[in-house]
Amino acid sequence: MTDNKNIEEGGDNRPLVCERICEWIDSLSRGEQRQRPSFSSPFANRIVDAIAVLWEQQLRQHREDAILDDLVRRLFEVEGVEPLLDYIYEKFRSVIPYDRIGLSFLDENNPFIAEAVYMRLDEGTPCLPTGFKADIRETSLVHVLHSGQPRSIPDLQEYLSAHPQSVTTHLLLREGIRSSLTVPLQAMGKKVGFLFFSSKQPHAYTDEHAKLLLRIGYKVSLALERARFLEMLQEQRDNMRVLLSMVSHDIRGPLSVLKGYLEMWSEGLLGPVDEAQKGVLAKMETAECQAETLLNQLLDKALADHGKLDLYSEKQDLAELVRHQVELHHAETAAKHLEIKFSVEGTPKEVMGDRVRLCRVVDNLLSNAVKFSPLGAMIEVTVRYRPDSVVTGVRDHGVGLSPAQQAKLFRRFSTAGVHPTGNERCVGLGLAISHDIIKAHHGQMWVESSPGAGAEFFFSLPTGAH
């Protein structure tokens with residue numbers, strides 16, 4: 004009744020006022036730039052003013068949300084902890100003020116030790132450097148850690164007066180910092196550290212800033228943990244590559260010496276060789292060859308994992324290459340009374356490829372067929388020439404593979420749970436490196452099999468120039 008009286012005393016009709024205000028709100032919601040209504044009643048105009056303020060707040064919040072969502076989304080596109088923090092430093096000014104950003108991670112072995120791993124300051128000399136470690140048990144960061152809530156220090160000078168033992172506050176004041184806002188970082192239920200926003204102005208941070216950081220804190224934590232994990236993974240890969248290179252160099256030398264002496268012994272250059280010695284020599288040469296093959300496969304796999312498997316490509320007659328590898332396996336097949344049937348289909352075409360590595364692929368497939376074939380079985384090897392590719396298949400008549408076992412193939416050190424029929428040694432590298440070699444040749448490798456029906460492994464190579 005009072006509202007009606009106020010409006011009507013101003014000379015305005017209440018239903019008409021309500022109708023005009025509703026039309027104006029509808030136009031705002033449609034994004035139309037319509038002039039706000041004006042009334043002779045001060046009370047009606049105050050209502051319009053209040054709606055305008057609320058609408059402007061909603062628009063500003065919507066714009067900020069859109070900016071923030073885009074900023075957070077892009078966090079997961081940045082590789083590396085430092086580049087990610089640099090991105091935050093350069094892009095987040097539109098949503099929060101700062102002159103300095105710092106990041107500290109908690110020690111894996113002692114969750115109360117925080118180490119500064121990132122610091123960036125607009126200007127001035129940094130006094131709190133990266134690598135700085137502090138025990139947080141006697142600081143207010145313990146409460147931040149346990150509560151999961153942001154901490155705002157509006158005036159660091161006043162804070163230091165109340166906490167004169169705070170070393171970090173002393174150092175921040177020397178940098179010219181006067182206020183700070185700290186957000187705890189937690190990812191996948193694990194407390195990982197703190198992100199610090201600092202300003203040279205006192206009272207720079209409001210409750211709205213704290214709410215904003217609380218809202219995005221989890222995603223920032225996930226992005227940082229992802230970046231840190233990828234860096235650790237890359238470091239481990241680099242270490243593995245260096246280790247393999249060192250090992251290969253240290254092992255290849257003695258193997259070469261051993262191979263040389265075996266050849267000299269076998270050729271009678273070290274004295275007469277009787278039949279018993281010939282048998283021992285054959286076994287030693289086989290063992291040396293296996294060791295050299297394993298070493299080469301380890302190195303190729305390491306190079307492939309890093310995208311550095313360089314190929315020496317030249318024109319290849321694939322049928323001739325496969326036929327040659329089949330002939331080299333006669334000793335293995337004879338030991339298990341196996342027969343290899345080799346055939347070529349279609350008009351032969353040359354392919355571009357690295358002969359040494361393609362021989363390794365065929366050797367791996369033939370060796371597997373021998374290992375998993377029962378005594379006296381047939382192994383079928385076929386080279387099929389198609390209009391734009393050459394497909395090579397190696398089929399055995401062993402126990403076959405289930406779909407679950409097939410899913411484990413082509414992985415490093417995976418044997419898919421199948422055991423060789425003659426207790427032969429099986430490391431699980433052959434198919435993995437073969438897959439990588441064929442992929443590097445722009446080809447494909449796959450298997451067709453079912454339990455009890457054997458398995459046929461294929462690889463295809465394009466006949467065009469690559």
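According to our numbering, the sequence shown holds residues 4 to 469 in order. A virtual CB, placed ideally from N, CA and C, is assigned to each residue, including glycine.
For secondary structure counted as the beta strand (DSSP E) over 3 or more consecutive residues, the region 208-272 holds no complete run. When the five nearest sequence neighbours on each side are left out, the beta carbons in the same chain lying within less than 6 angstroms of the beta carbon of K262 are those of E291, in order along the chain. Judged by their CB atoms, R103 and L87 are not nearer to each other than the 8 angstroms cut-off. Residue pairing for D138: DSSP places it in a beta bridge opposite I116. Our two residues, D158 and T128, have alpha carbons roughly 20 angstroms apart in a direct line. Measuring C-alpha to C-alpha distances from I156 to each of K203, E141, A117 identifies K203 as the nearest.
Between L312 and L321, the C-beta spacing is not below 8 angstroms. For S107, the closest alpha carbon among the candidates S41, T185, L176, F95 is that of T185. Using a 10 angstroms sphere on the CB of S43, the tally of other CB atoms stays under 16, which defines it as exposed. Check the Cα spacing between P406 and each of V145, N242, E451: the tightest is with E451. Under the three-pair Cβ rule at 8 angstroms, the region 195-213 does not count as touching the region 239-247. At a Cβ-Cβ threshold of 8 angstroms, I180 and S201 count as neighbours. A165 sits away from S182, with the two beta carbons spaced by 8 angstroms or more. Contact check for R360 and L314: beta-carbon distance about 7 angstroms, within the 8 angstroms limit, so the pair qualifies. Remark: fewer than three beta-carbon pairs, one from each stretch, lie closer than 8 angstroms, so the region 297-304 and the region 263-280 are not flagged as touching.
In this structure D210 is exposed. Its beta-carbon is surrounded by fewer than 16 other beta-carbon atoms within 10 angstroms. Cβ-Cβ separation between L131 and A117: approximately 12 angstroms, too far for a contact (criterion under 8 angstroms). Of all alpha-carbon atoms in V170, L188, T172, the one lying nearest the alpha-carbon of H149 is that of L188. In this structure, A380 and L341 form a Cβ contact; the two beta carbons are roughly 6 angstroms apart against a cut-off of 8 angstroms. Under DSSP, W449 forms a beta bridge with F461.
By the CB criterion at 8 angstroms, R39 and V51 fall inside the cutoff. Counting along the chain, D439 sits inside the alpha helix (DSSP H) bounded by residues 433-443. Of G457, L432, E353, the smallest CA-CA separation from G403 is found for G457.
Close CB contacts of I254 within its chain, under the 7 angstroms cut and outside five residues either way in sequence, are with L298 (chain order).
Distances from the alpha-carbon of V329 to those of Q319, P351, Y388, A372 put A372 closest.
Burial is judged here by how many other beta carbons sit within 10 angstroms of a residue's own beta carbon; F79 has fewer than 16 and is exposed.
For K344, the uninterrupted beta strand (DSSP E) segment begins and ends at 342-348. Between T385 and S346, the C-beta spacing is below 8 angstroms. Taking C-beta atoms as the reference points, S376 and G401 count as a pair closer than 8 angstroms. Secondary structure of L176 (DSSP, three-state): helix.
By the CB criterion at 8 angstroms, V393 and S463 fall inside the cutoff. Contact between F115 and I139 holds: their C-beta atoms lie close to 6 angstroms from each other, under 8 angstroms.
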